[in-house]
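Chains as they are written, first to last, in our numbering: chain A, 778 to 1003; chain B, 511 to 756. Don't be surprised by glycine CBs; every beta carbon is placed ideally from N, CA and C.
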């Protein structure tokens, strides 16, 4: 057996691939479910924090900045481990899925808050002044004039960060979630052949390439007409 | 002579330790066009922005159309509808069409239906000769057109007085004419206007009164021919001289 054959047998073994493909596909859907839950919760919470922060209540802002910096500084895997292995000691057990979801949502929330906040502060002061001078109140000015501009500005970094965090769903394999990587690793252990990992990599590509392309489309779609 | 519609008395404004307005009194009568000139940093824009409380005066009193602008109990959003403002940098909302820019406050502040607000917005755009640009976004309009949309946005609310903060300073020279024309027509319709600007030709032709500010104070005021032709104060003379040389 030449090295080339050995390589093919290890990574592109048709028999192993056929056997574990269904598990990988199951993992694929689980990854999508987990990612969707993270994006929904993380972006919504991040936006909510950014909105709260624009109210300019000092004590509240300190709290927001503390939480945001905390979850930006901690490695996501550490948060997952703390929630999954640590919380039971406090009498609260989370499933692997819930722990991964909560941990990654908190991280995405932290980064999203910073991104939205940057967008909100990047809207020129003149926009506030123009709106307020026509008699619009703070809330109308914020929601109808400032926020739509901020959101358009932050679509590119937001897309990038969202993709980065959802790729972190692979970390859930550590807490026994059979998402793509978890399913692939299980396949490797049972078959003594790394081909399931190849399948996993392909599954990630199938999942994220369209997302990346969709991100591009969203960026152009949301650009202002010029 | 009608009563003052805008009345500022003893207005002071500090930015931190910087004393920008040092006791300014300004009264503007109904249908009057008051032109405020002065070197940069003289406080003229700050004064204008105090009139609709975009800046909070540190001391003094401001009354517009009988409303005490500095009273805590005054509904400032309601009061501001009577005071249109046009900015140097236009400040149109880039994510809305010209029509959307003009209609927004009509819908949200005056509570009009979409149809009524858009009809009124269209009328306002017609007054600045931009009815055919209603569906354009600010980025698709020239600077002069953008400023005229900004004027339409302000006059659509049917304000009692209009404030112009260097409305042509950000424009290429060939675009200034259209904006001045819109202002001239507004003036002819009887609008009360306070204009901070360096357009001396326009001041000579259209202003009822010219106010010269320097160092946070009103140095001299009078009819344009007096201020430009025969200024009494040394500082006014120096400033007018500098302007004329250009």
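Residue 931(A) is outside the set of residues whose beta carbon lies under 7 Å from a beta carbon in chain B. Using a C-beta cut-off of 8 Å, the region 724-742 of chain B makes contact with the region 530-550 of chain B, since at least three inter-stretch Cβ pairs fall below that distance. Within 10 angstroms of the beta-carbon of residue 526(B) lie fewer than 16 other beta-carbons, which makes it exposed. Here residue 938(A) is buried, its C-beta having at least 16 other C-beta atoms within 10 Å.
The Cβ atoms of residue 540(B) and residue 515(B) sit closer than 7 Å to each other. With contacts defined by Cβ atoms closer than 7 Å, residue 659(B) and residue 608(B) form a contacting pair.
Take the alpha-carbon of residue 822(A) and the one of residue 790(A): they are about 44 Å apart. Taking residue 832(A) as reference, the option from 978(A), 852(A), 897(A), 806(A) with the minimal CA-CA separation is 897(A).
Taking CB atoms only, residue 923(A) has no neighbour in chain B less than 7 Å away. Shown in chain order are the members of the region 568-599 of chain B whose Cβ falls below 7 Å from a Cβ of chain A: 587, 588, 590, 591, 595, 597, 599. The beta strand (DSSP E) runs lying completely inside the region 695-730 of chain B and spanning 3 residues or more are 702-706, 719-724, given in chain order. Residue 545(B) carries a strand assignment under DSSP once its states are collapsed to helix, strand and coil. Around residue 913(A), the beta-carbon contacts reaching into chain B at under 8 Å are 587, 614, 615, 618, 619. In this structure residue 589(B) is not in contact with residue 612(B), their Cβ atoms being roughly 20 Å apart against a cut-off of 8 Å. For residue 900(A), same chain residues with a beta-carbon under 7 Å away, outside a window of 5 residues either side, are 923, 926, 927 in chain order.
Around the beta carbon of residue 799(A), fewer than 16 other beta carbons lie within 10 angstroms, which makes this residue exposed. Residue pairing by DSSP places residue 518(B) opposite 536(B), 572(B) in a beta bridge. The shortest CA-to-CA distance from residue 788(A) to any of 984(A), 849(A), 971(A), 835(A) is the one to 971(A). For residue 671(B), DSSP records a beta bridge to 593(B), 702(B). Under the Cβ criterion of 7 Å, residue 685(B) is not counted among the residues facing chain A.
Counting along the chain, the unbroken alpha helix (DSSP H) around residue 805(A) starts and ends at 791-831.
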